[in-house]
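Data first, discussion second: the structure below is written as structure tokens.
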Amino acid sequence: MSGPSGSSARRLPLGTRAAIFLRLLAIQGSWNYESLLGNGVGFCIEPALRLLPGGVHGPAFKSALARESRYFNAHPYLAAIAVGALARAELDGEAPERIERFRTALCGPLGSVGDRLVWAGWLPLCSLASLAIFGLGASTVTVVAFFLVAYNAGHFALRVWGLETGWRHGLRVAASLGNPVLRRGPQEIGRLAAVATGVAIPLALGRVIGPGRSLMGIVLVAVTLGSIAIVRLQRRIEGWRLSLFVLALFVLISVIH
Amino acid sequence: MLQLLPVAILGAVLGLDVVSFPQAMISRPVVAATLGGTLIGESSSGLLVGAILELIALETLPFGASRYPEWGSAAVVGGVIFGSHAAHPAGAMTLAVLSALATTWVGGWTMVQLRKLNARWAGKRRDALEAGARGSVVSLQLIGMTADLARGFVLTAIAYALLAPLAAFCIGRWSIDARLSRSMVVGVAASVAGGAAWKLFHSTNGARWLFLGGLAVGLFMLFAQ
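Quick note, the sequences are listed as chains W and S, same order.
Using the working numbering, you'd call the opening residue of the first sequence number 1 and step up by one each time.
Using the working numbering, you'd call the opening residue of the second sequence number 1 and step up by one each time.
Set out below in structure tokens:
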């Protein structure tokens, strides 16, 4: 087997790369509370492991697949970095203990960075921007297409970049987590999302309530007070559950009245 | 009830997107409810409900192992129920949103059960997985996704079958003014969104001022329309 330093020019066949990428979209297919993403990582890396000496029936394939299917935790999009890096490490013939240590070390950063960048940043930003466009009176197709195109431009770019970066750097991929998009992205996206929140909420309210906005001032005041109440109550009850109870009560009053 | 099968299939596909495949956020309410409405020829009704649910969904982002509501199937139920009352009678929007919220609650519970089932199936294959058996790794993944698809199908079918007639019954007895009802439901949703945005962005440098600036722009645009 070639050592890591002698394999910098190694290329992953296009078909294998495409198979890994498609499988990355299903990396959470068997997500569970014991191995979390573990089986998904093994599932994604499997096409690359077929290139090991002896193919799918060889001992190298079996021991690598067993190793890669154990417990793993990461953000599903950024798991692409791990999949690329681990595939490279396995094909480069890195020592199993080194690969195990690398897997363990990668879990935390890939989870927290991904959560902040995607779930707490990019997704709410795209959602709020599409709500602002909705509030401006855009058509159904425009609103839905805007959301899907904007969100998935970031989503697919992140997965493609992750796989390429992981494969290129192998076990030295940790330095790539210092990429400006990953490091400063959440903060910058947070700023944009704060603006989008301010723009989107009144516009969305306006479109749903419709023409003749005599109620609008009252609703805006009620929303401000409601938001404060929800922030204050956040440790006791989630806002969506509270809204379920409030609306259920409203329905009861209206139907029984 | 003729719509039950297509509605359940759409709910299954969008339920699958939430976690298992491909997480492209076609399961977000603004998309899923619109698709639900489109299924019965009422895409703009679906979008209206979708926008309200999207405001609420801002609070429930799919962080790792946390338990969160399942919006894909639920938003389809909400979109179809609202779209079924094309004249938008008083109470229709409230009941569609309430139906979606109830479904999303149960949907979150079904996802937890599926994760437990996945763990059980993985446990049964532990020896094979430890031996690096390719078939076990692949089949575990495919079984998990198939089960998730089935989960979304059954959830959507049951929720729609139970909640659509209940919503129609309540709409027939609705006594509060239509605009007041709409204001109530969107006001509640916007309150959740405001609280959610605060929780997400309050620690970001300058977020308060940026929010206030955005709010000024939003209000100006609203009253200029």
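C-beta: ideal position from N, C-alpha, C; glycine also.
Scanning chain S for C-beta atoms nearer than 8 Å to the C-beta of W:W31 yields V19, S20, R115, N118 and G144, reported in chain order. Per DSSP, reduced to three states, the secondary structure at S:L61 is coil, with no helix or strand assignment. For W:W122, the nearest beta carbon of chain S is not closer than 8 Å to its own beta carbon. Residues of chain S whose Cβ lies closer than 7 Å to the Cβ of W:P76 are, in chain order, Q23.
For S:F21, there is no enclosing alpha helix (DSSP H), as DSSP gives it neither H nor E. Identification of residues in the stretch 159-181 of chain W having a C-beta nearer than 9 Å to some C-beta of chain S yields an empty set. Around the beta-carbon of W:K62, 16 or more other beta-carbon atoms lie within 10 Å, marking it buried.
Using beta-carbon distances, W:R235 does not count as an interface residue toward chain S, since no partner is under 8 Å.
Chain S places a beta carbon closer than 8 Å to that of W:L215, counting this residue as a contact. Taking C-beta separations shorter than 8 Å and ignoring five residues to either side along the sequence, the partners of W:L86 in its chain run V41, I45, E68, I99, F102, R103 and G166, following chain order. S:V186 counts as buried, since at least 16 other C-beta atoms from the protein chains shown sit within 10 angstroms of its C-beta. Nearest to S:V106 by alpha-carbon distance, out of S:A159, S:L117, S:I176 and S:A12, is S:A159. Taking a C-beta distance under 8 Å as the contact criterion, S:R28 and W:S127 qualify as a contact pair.
Counting only the Cα atoms, W:F134 lies some 6 Å from W:V143.
Only residues of its own chain outside the window of five on either side were considered, and among them none has a CB closer than 7 Å to the CB of S:G135. Runs of beta strand (DSSP E) with 3 or more residues, each lying fully within the stretch 71-115 of chain S, are absent.
Within the model, the alpha-carbon separation for W:I27 versus S:G91 is close to 41 Å.
Interface residue (Cβ-Cβ distance to chain W less than 8 Å): S:S73 is not classified as such. DSSP places W:L49 within a helical segment (H, G or I) once states are collapsed to three. With a cutoff of 8 Å on beta-carbon distance, W:I201 and S:A190 are scored as near each other. S:L114 and W:P211 have their alpha carbons spaced roughly 45 Å apart. For the 8 Å CB-CB criterion, W:A194 and S:G83 do not form a contact. Rounded to whole angstroms, the gap between the alpha carbons of W:L252 and S:V7 is 27 Å. From the beta-carbon of W:G198, the residues of chain S found nearer than 9 Å are A197, L210, F211, L212, G213, G214, L215, A216, V217, G218 and L219. Under the Cβ distance rule, W:V113 does not count among the residues neighbouring chain S, no pair being separated by less than 8 Å. When Cβ-Cβ separations below 8 Å define contact, S:W105 makes contact with chain W.
Residue-level contact check: S:Q225 touches chain W, since one or more beta carbons of chain W fall below 8 Å from its beta carbon.
The shortest C-alpha to C-alpha distance from S:A157 to any of S:V77, S:M25 and S:T60 is the one to S:V77. The stretch 17-24 of chain S makes contact with the stretch 17-26 of chain W: 3 or more CB pairs, one atom from each, lie closer than 8 Å. Contacts with chain W at 8 Å (Cβ-Cβ) include S:Q141.
Against chain S, the beta carbon of W:R191 has neighbours under 7 Å at T204, G206, A207 and L210, listed in chain order. Cβ contact annotation for W:L177 (same chain, cutoff 6 Å, sequence separation greater than five): P109, in chain order. In the assembly as shown, S:N205 is an exposed residue. Its beta-carbon has fewer than 16 other beta-carbons within 10 Å. S:Y160: member of the alpha helix (DSSP H) spanning R134 to G172, first to last residue. Counting only Cβ-Cβ distances below 8 Å, S:I56 has contacts in chain W at G239, W240 and S243, in chain order. W:G55 sits exposed, since fewer than 16 C-beta atoms from the chains shown fall within 10 Å of its C-beta.
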